[in-house]
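Residues in the sequence shown are numbered consecutively from 22, following my numbering. All residues carry an ideal CB built from backbone N, CA and C; glycine is no exception. These figures come from a predicted structure and were not determined experimentally. Take a look at the structure set out below.
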Amino acid sequence: MEKQLNTVSMLGQAYSLLGFQIVEGVVGAGYPQKPKHSAVFAQISPAGSRLTELARKANMSPQAMGELVDELVDMGYVVRRPDPDDGRAKLILLTKRGRGAVAAGRQTIEGIEEQVTEILGQRGHRELRRLLSKLLDATDA
Numbered sequence: 022m023e024k025q026l027n028t029v030s031m032l033g034q035a036y037s038l039l040g041f042q043i044v045e046g047v048v049g050a051g052y053p054q055k056p057k058h059s060a061v062f063a064q065i066s067p068a069g070s071r072l073t074e075l076a077r078k079a080n081m082s083p084q085a086m087g088e089l090v091d092e093l094v095d096m097g098y099v100v101r102r103p104d105p106d107d108g109r110a111k112l113i114l115l116t117k118r119g120r121g122a123v124a125a126g127r128q129t130i131e132g133i134e135e136q137v138t139e140i141l142g143q144r145g146h147r148e149l150r151r152l153l154s155k156l157l158d159a160t161d162a
């Protein structure tokens, strides 16, 4: 008899699968990157973000986030600039190439959303979103 996965395992598998699909779509659109770079792309503000803010939102240490940002600087996706509100701080800003990668990610996500609707139907997709929102809202409290 096959052991049934628990909810946490299923959510983890879905998260991993979707993350890899997004990266595949972005890479396929001509923006090479690694899945771990999504921690930056998913959190960065269009107006730029401080490293500490990116790390906090991604639930990472500033040192680990700094390594990801260094890699993305080397790849031409982001730059560091002085923060106009605080000369001691730096803002991480998307370059034109970085904005293209984010746009490719959004387009990939839209395609995945359509697949979810095809699989679950519109009602099922709405119910999934409602239940996930309820779960996330309860953990934010």
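(Q) Quick check on the DSSP output: what are the complete alpha helix (DSSP H) runs of length 4 or more inside the stretch 68 to 132, in order along the chain? (A) List check, alpha helix (DSSP H) in window: 72 to 79, 83 to 95.
Q: Select from K155, K57, L152 the residue whose C-alpha is nearest the C-alpha of S37.
A: Among K155, K57, L152, the Cα nearest to that of S37 belongs to K57.
Q. Who are the Cβ neighbours of R102 in its own chain at under 8 Å, not counting the five residues just before and after it?
A. Within the same chain, R102 has close Cβ partners G69, K111, L112, L114.
Q: Evaluate the contact criterion for the stretch 71 to 81 versus the stretch 145 to 152: three or more CB pairs, one atom per stretch, below 8 Å.
A: They do not touch, by the three-pair rule.
Q) Thinking just about the alpha-carbon of each residue, which of T129, G119, V47 is nearest to the one in L93? A) Closest option to L93, Cα to Cα, is G119.
**Q.** Cβ separation of V61 and A122, assumed to be a contact under 8 Å, to the nearest whole Å
**A.** About 10 Å separates the CB atoms of V61 and A122; that is not less than 8 Å, and the two are not in contact.
Q) To the nearest whole angstrom, what separates the beta carbons of I130 and I65, a pair I think is in contact under 8 Å? A) 15 Å between Cβ atoms; not a contact.
Q. Between which two residues does the alpha helix (DSSP H) harbouring Y36 extend?
A. Its alpha helix (DSSP H) spans residues 28 to 49.
Q. For Y98 versus T73, is the C-beta distance shorter than 8 Å?
A. No, the Cβ-Cβ distance between Y98 and T73 is not below 8 Å.
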